[in-house]
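Engineer: Protein sequences appear in the order of chains A and B.
Positions 55 to 451 (our numbering) are the ones given, in order, by the first sequence.
Positions 534 to 923 (our numbering) are the ones given, in order, by the second sequence.
Ideal Cβ positions, reconstructed from N, Cα and C, are used throughout, including at glycine.
Keep in mind it's a predicted model, so treat the numbers as computed, not measured.
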Amino acid sequence: MRSALVIAAKDLRQRARDRSVYVFAIAAPLGLAAIFGFVFNPISDADFTATFAVANVDQGPLAAPLVDGVLGGLADGGNVNLVHATSAEEAARLVEGDGERADQDVDAAIIIPAGFSARVQTGRPTELRVVQNANASLASTLALAIVQEYARQLDYVQGAVTTVVSSDPARLADAAAIAQRAGATPRPVSVRDVSATIKQLDNTTFYAAGLAAFFLFFTVQFGVNSLLEERHAGTLNRLLAAPLPRWSIILGKAITAFGLGLVSMLILIVGTSFILGADWGNPAGVALLVVAATASAIGVMAMVSALARTSEQGEVFSSIAAVGLGIIGGTFFPINQAGGVLASLRYVTPHAWFLQGLGDLAGGSIGDIVPAVAALLAFTAVTSGIALALLRRRLNP
Amino acid sequence: MKALAIAASNLRRFARERSNVFFVLILPMLLILVLGSVFGRGFEPRVGLVAPGTGDPTSALVEGLEAHEGFAVHRHDDRDTVVRAVERGELEAGLILPPEFDDAIPAGDAVEIDFIARPGQDSLSLRRTIGALLAEQMALPRIAAFVAREGDVPYEQALAQATAVTGQTAGVKVATAVAGEAFIGRRNWGQFDLGAQQQLMLFMFLTSLAGSAALVQTRRLGIARRMFATPTTVRTILLGEGLGRFGVALVQGVYIVLGTMVIFGVRWGDPLSAILIVLAFGLVGSGAAMLMGALFSNDQQAVPVGVFLGLGTAALGGCMMPLYVMELFAPTVWTVAHLMPHAWALDAFEILALRDGGLGDVLPFLGILLGYAAAFYLLAIWRLRAVLTR
Chain A
55 MRSALVIAAK DLRQRARDRS VYVFAIAAPL GLAAIFGFVF NPISDADFTA TFAVANVDQG
115 PLAAPLVDGV LGGLADGGNV NLVHATSAEE AARLVEGDGE RADQDVDAAI IIPAGFSARV
175 QTGRPTELRV VQNANASLAS TLALAIVQEY ARQLDYVQGA VTTVVSSDPA RLADAAAIAQ
235 RAGATPRPVS VRDVSATIKQ LDNTTFYAAG LAAFFLFFTV QFGVNSLLEE RHAGTLNRLL
295 AAPLPRWSII LGKAITAFGL GLVSMLILIV GTSFILGADW GNPAGVALLV VAATASAIGV
355 MAMVSALART SEQGEVFSSI AAVGLGIIGG TFFPINQAGG VLASLRYVTP HAWFLQGLGD
415 LAGGSIGDIV PAVAALLAFT AVTSGIALAL LRRRLNP
Chain B
534 MKALAIAASN LRRFARERSN VFFVLILPML LILVLGSVFG RGFEPRVGLV APGTGDPTSA
594 LVEGLEAHEG FAVHRHDDRD TVVRAVERGE LEAGLILPPE FDDAIPAGDA VEIDFIARPG
654 QDSLSLRRTI GALLAEQMAL PRIAAFVARE GDVPYEQALA QATAVTGQTA GVKVATAVAG
714 EAFIGRRNWG QFDLGAQQQL MLFMFLTSLA GSAALVQTRR LGIARRMFAT PTTVRTILLG
774 EGLGRFGVAL VQGVYIVLGT MVIFGVRWGD PLSAILIVLA FGLVGSGAAM LMGALFSNDQ
834 QAVPVGVFLG LGTAALGGCM MPLYVMELFA PTVWTVAHLM PHAWALDAFE ILALRDGGLG
894 DVLPFLGILL GYAAAFYLLA IWRLRAVLTR
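1) Entirely within the stretch 67-141 of chain A and at least 3 residues each: give me those beta strand (DSSP E) ranges in chain order.
2) With DSSP run on the structure shown, which of helix, strand or coil describes V707(B)?
3) By how many angstroms is the C-alpha of P855(B) removed from the C-alpha of L558(B)?
4) Mapping DSSP to helix, strand and coil, what is R720(B)?
5) Got a sec: is the Cβ-Cβ distance from G114(A) to anything in chain B below 9 angstroms?
6) Would you call the stretch 691-702 of chain B and the stretch 129-148 of chain A in contact, with 3 or more CB pairs under 8 angstroms?
7) E602(B): buried (16+ other C-beta within 10 angstroms of its C-beta) or exposed?
8) Please report whether the beta-carbon of L182(A) lies at a distance below 9 angstroms from any beta-carbon of chain B.
9) Whole angstroms are fine: how far does the CA of G213(A) sit from the CA of A227(A)?
10) Quick check: the stretch 259-266 of chain A against the stretch 83-93 of chain A, are at least 3 beta-carbon pairs closer than 8 angstroms?
11) Roughly how far, in whole angstroms, is the beta-carbon of G315(A) from the beta-carbon of L343(A), given that I think they are within contact range, below 8 angstroms?
12) Go through its chain and collect everything with a Cβ distance to S741(B)'s Cβ below 7 angstroms, but skip five positions before and after it.
13) What first and last residue would you give for the beta strand (DSSP E) that runs through Q186(A)?
14) Determine the burial state of W915(B): buried for a count of at least 16 other Cβ atoms within 10 Å of its Cβ, exposed for fewer.
15) Please confirm whether A416(A) and I252(A) have their CB atoms less than 9 angstroms apart.
16) Name the chain A residues that come within less than 8 angstroms of M873(B), Cβ to Cβ?
17) If you draw a straight line from the alpha carbon of A146(A) to that of A347(A), how long is it in whole angstroms?
18) Let me check understanding here. Comparing Cα to Cα, which of I440(A), G169(A), F387(A) and F170(A) lies closest to G622(B)?
19) Look up R246(A) in the DSSP assignment and give the residues it is bridged to.
20) Given L624(B), which residues of its chain have a CB within under 8 angstroms of its CB, disregarding the five upstream and five downstream residues?
21) Please name the residue, chosen from E596(B), T587(B) and E860(B), that lies closest to Q670(B) on a Cα-to-Cα basis.
22) Within 10 Å of its beta-carbon, does N291(A) have 16 or more other beta-carbons around it, so buried, or fewer, so exposed?
23) Report the CB separation of V895(B) from S830(B) in whole angstroms; it is logged as a contact under 8 angstroms.
24) Does Y210(A) have its Cβ less than 9 angstroms from a Cβ in chain B?
25) Can you list, in chain order, the residues of its chain whose CB lies under 8 angstroms from that of Y204(A), leaving out five sequence neighbours each side?
26) Is it true that the CB of A406(A) sits closer than 9 angstroms to the CB of I389(A)?
27) Can you tell which of L667(B), A835(B) and A712(B) has the C-alpha that lies nearest to the C-alpha of S74(A)?
28) Taking 9 angstroms as the CB-CB cut-off, is N831(B) touching chain A?
29) Since I believe G728(B) is in contact with G569(B) (beta carbons under 8 angstroms), could you give me their beta-carbon distance rounded to a whole number of angstroms?
30) With distances taken from CA atoms, which of L444(A), P337(A) and L412(A) is nearest G353(A)?
31) Comparing the C-beta of R720(B) with each C-beta of chain A, is any distance below 9 angstroms?
32) I need the straight-line Cα distance from I304(A) to F433(A), nearest angstrom please.
33) Along the stretch 628-639 of chain B, what residues have a CB closer than 7 angstroms to any CB found in chain A?
34) Cβ of P590(B) within 9 angstroms of Cβ of I638(B)?
35) Under a Cβ-count criterion, where at least 16 other Cβ atoms within 10 Å of its own Cβ denotes burial, should L776(B) be classed as buried or exposed?
36) For R675(B), would you say it is in contact with chain A, using Cβ-to-Cβ distances shorter than 9 angstroms as the test?
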């Protein structure tokens, strides 16, 4: 055991002198997390607001529930801004803006034409108009949905009155009262809003965690690949000739990789938390996930390295594996949004489990990370097993 | 000519580097494929649906939801799966129909559907869209329920009356129109076009920078010194090295342009203009690589720093978050993006590929790119004259 620690200490001292470790392990992930945050946050943090231009030309009793009731209610709630236009043309112009690109500020125009209320009350065909801004699909869809729902509400009342009166024409005199009662009748299907917790990392933390996971595999590679480097340099034979148990050499390398990985992750977690405001979550949970992830990274990179025959080949395989797994694992963009094959494929990588564990931790408690930790440890066990089997042959020439 | 020989040997070293098969050839196409699949089709909200009933009301509602073009419906068997998917962001919302749905509607009873979404306003639009859909679907049952109560008639009879009558009423129509031209344009913006453009810039720059290690090696291994010892001027050596870097950038660029044309059917616009932009951006990338090769003395460091700078400048320059999104939501970011050469090249390709522009339209952008290239090269040459043999 002591010899393993000596080997590890020597390796770590060697690494500390090599500045490329600092770039890969600390500077690159931290720098990129800051850059990604700068670029992506303003866009994903942008709160959804909609601005509608409303032209209530009708000003009648059936326009008020839409304008003051529904739209006014949304405006009071802060979700929607209303701009009042005096005519349909003005409203449409506000959406169209000036020149070739629609003005960003108005997402849709809602136009209630003149005579609307009167026509509805006398059962004549009429229409409500919605002008949508081509670039504001979410907001203009909202406008359309609101107007459609209102139109269907009016249709319902009209249909209810008409049906009642058609079977009993005497009740036509009662039409207004019937309409009122119809309007007051609850819907057969009502929607209950249920709020779900957010089991997802916020954007800053997502980039920080994703990049940390991505570069972790490069960091541990330094420790893992050193076995091949020693072979290349000739020092491996000397280690083998020394009165050391074989396993202490492997253990020494593993300790190096583990130490490098843990220290770099710690620095990244602290760095991104303080400098970028990332919120990694419950420290105990994060610690468990980081340890498991580092172990899985060592296992994976050891296996990849063991498949190579020269140190150079090992580096090539390792960097391809690290980049490939990182991308498939969704460290650069949330690949779970892709759906389908790509979203399922990511579970083949430890990265995806690490990120999912952090996400579940964010919305829940430490118990929620058990599946992720278990998966990461399984990766470790399987890949380390293969790596050891391959290495045993190398170390027993 | 000697400079060409130097350049050729650089390209041979580049070709012999095994890892380049993955990083230069496979990775760009892989990324373009993934990006196009994930982001290329525009964002369609996903709604999870749990509908245990098998009767007519359920079928009608499910059919209506699935036919709606504003969102995609994913059927699931249980509520917990849907809730977890919404929590993780794999679904934008969830709709849970109660088991008694099919019995309640014909009886005229009220029933509740759960709409599950994360807190925040993003789901508001989806929520109201589903509300509007429900209002349309449930119009007849609602009338029937009311008429049944009013006239004290059985529900089935009321429903028959309502069906007969509402076919004759005019109803309130909702007329829609769309104003303005979408940024993405009404023309065919291919699914992979934007991703291809972005990855072209990213990889041309990244491969150049990562390859700058070769120049550092040339210096450190004494190759430069040996070249200098021959009757060769510094100018020739620098030209050769510059051409070598340019060659590497061009190989990457031409490969991506042709490859995406063949594999994904990506359109690059007017051929002459496109070639000129690729050449100009190749000069920018190779200039940056020359500068890096001049500034670094350790080729082990040059690679990770090159990767970091390559990814960082690409992210800032609009190769990850599209420029048009920046322009819409974050003008400051858009301005910063245009400090990077990538943004200017991407703007040029938007004009070529999307707006069918021609050479005249992209000349200003070519000028700006050549300006960047000149600055990089001049700085690199100035520095290299001093350190070429160190």
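Structural biologist: Concretely, from the data shown:
1) 104-110 and 134-139
2) Here residue 707(B) refers to the residue found at position 174 of the second sequence. If DSSP states are grouped into helix, strand and coil, V707(B) belongs with the strands.
3) For the purposes of this step, residue 558(B) is taken as the residue at position 25 of the second sequence. For the purposes of this step, residue 855(B) is taken as the residue at position 322 of the second sequence. Each residue's alpha carbon lies about 23 angstroms from the other.
4) Reading the second sequence from its first residue, position 187 is the one you call residue 720(B). Residue placement at R720(B) cannot be trusted, given a pLDDT of 45 that sits under 50; what the coordinates show is reported in the next sentence. Reduced to three states, the DSSP call for R720(B) is coil.
5) Position 60 of the first sequence, counting from 1, holds the residue named residue 114(A). So, not an interface residue.
6) no
7) The sequence position of residue 602(B) within the second sequence is 69, counting from 1. Answer is exposed; the Cβ neighbour count stays below 16.
8) Walking along the first sequence from the start, residue 182(A) turns up at place 128. Yes, contact with chain B.
9) Sequence index remark: in the first sequence, residue 227(A) carries index 173 (1-based). Sequence index remark: in the first sequence, residue 213(A) carries index 159 (1-based). So the alpha carbons of these two residues sit roughly 16 angstroms apart.
10) yes
11) Residue 315(A) sits at position 261 when you count from the first residue of the first sequence. Residue 343(A) sits at position 289 when you count from the first residue of the first sequence. Actually they do not touch by this definition, with Cβ atoms about 13 angstroms apart.
12) For the purposes of this step, residue 741(B) is taken as residue 208 along the second sequence, with counting starting at 1. Correct list, in chain order: R778, V781, A782, G818, S819, A821 and A822.
13) By 1-based counting over the first sequence, the position of residue 186(A) is 132. Start and end: T180 to N187.
14) On the second sequence, residue 915(B) is found 382 positions in, with the first residue counted as 1. The residue is exposed, with fewer than 16 neighbouring Cβ atoms inside 10 Å.
15) Translated into the one-based positions of the first sequence, residue 416(A) becomes position 362. Translated into the one-based positions of the first sequence, residue 252(A) becomes position 198. In contact: A416(A) and I252(A) (Cβ atoms closer than 9 angstroms).
16) Along the second sequence, read from residue 1 onward, the residue named residue 873(B) stands at position 340. Result: empty, since nearest Cβ-Cβ is about 11 angstroms, beyond 8 angstroms.
17) As a first step, residue 146(A) must be located in the first sequence, where it is residue number 92. As a first step, residue 347(A) must be located in the first sequence, where it is residue number 293. If you take the alpha carbons of A146(A) and A347(A), they lie about 56 angstroms apart.
18) Here residue 622(B) refers to the residue found at position 89 when the second sequence is read from its first residue. It is F387(A) whose Cα lies nearest to the Cα of G622(B).
19) For the purposes of this step, residue 246(A) is taken as residue 192 along the first sequence, with counting starting at 1. DSSP output for R246(A) lists D647(B) as bridge partner(s).
20) Stepping through the second sequence from its first residue, residue 624(B) is reached at position 91. Excluding sequence neighbours, L624(B) sits near R579, V580, G581, H607, V615 and A618.
21) As a working note, residue 670(B) is residue 137 in the second sequence. For the residues E596(B), T587(B) and E860(B), the minimum Cα distance to Q670(B) belongs to E596(B).
22) For the purposes of this step, residue 291(A) is taken as the residue at position 237 of the first sequence. By the neighbour-count rule (16 or more Cβ atoms within 10 Å), N291(A) is not buried but exposed.
23) Counted from its first residue, the second sequence places residue 895(B) at position 362. Counted from its first residue, the second sequence places residue 830(B) at position 297. That belief does not hold up - the Cβ atoms of V895(B) and S830(B) are roughly 39 angstroms apart, past 8 angstroms.
24) One-based indexing of the first sequence puts residue 210(A) at position 156. It does; some Cβ of chain B falls within 9 angstroms.
25) Start at 1 with the first residue of the first sequence, and residue 204(A) comes out as number 150. Within the same chain, Y204(A) has close Cβ partners P119, L120, V124 and L182.
26) Along the first sequence, read from residue 1 onward, the residue named residue 389(A) stands at position 335. Along the first sequence, read from residue 1 onward, the residue named residue 406(A) stands at position 352. Contact flag set, yes.
27) What you label residue 74(A) is simply residue 20 of the first sequence in a count that begins at 1. It is A835(B).
28) Numbered from its first residue, the second sequence carries residue 831(B) at position 298. Interface residue, yes.
29) As a first step, residue 569(B) must be located in the second sequence, where it is residue number 36. As a first step, residue 728(B) must be located in the second sequence, where it is residue number 195. That belief holds up - the Cβ atoms of G569(B) and G728(B) are roughly 5 angstroms apart, short of 8 angstroms.
30) The residue you call residue 353(A) lines up with position 299 of the first sequence. Of the listed residues, the one whose Cα sits closest to G353(A) is L444(A).
31) Position 187 of the second sequence holds residue 720(B). Caution is warranted here: a pLDDT of 45 is assigned to R720(B), below 50, making its placement in the model unreliable, and no coordinate value can be reported.
32) Position 250 of the first sequence, counted from the first residue, corresponds to residue 304(A). Position 379 of the first sequence, counted from the first residue, corresponds to residue 433(A). Going from the Cα of I304(A) to the Cα of F433(A) covers about 18 angstroms.
33) I638
34) Position 57 of the second sequence, counted from the first residue, corresponds to residue 590(B). Position 105 of the second sequence, counted from the first residue, corresponds to residue 638(B). The answer is yes: Cβ separation under 9 angstroms.
35) Counted from its first residue, the second sequence places residue 776(B) at position 243. That one is buried.
36) Indexing the second sequence from 1 puts residue 675(B) at position 142. Answer yes: the Cβ-Cβ gap between R675(B) and chain A drops below 9 angstroms somewhere.
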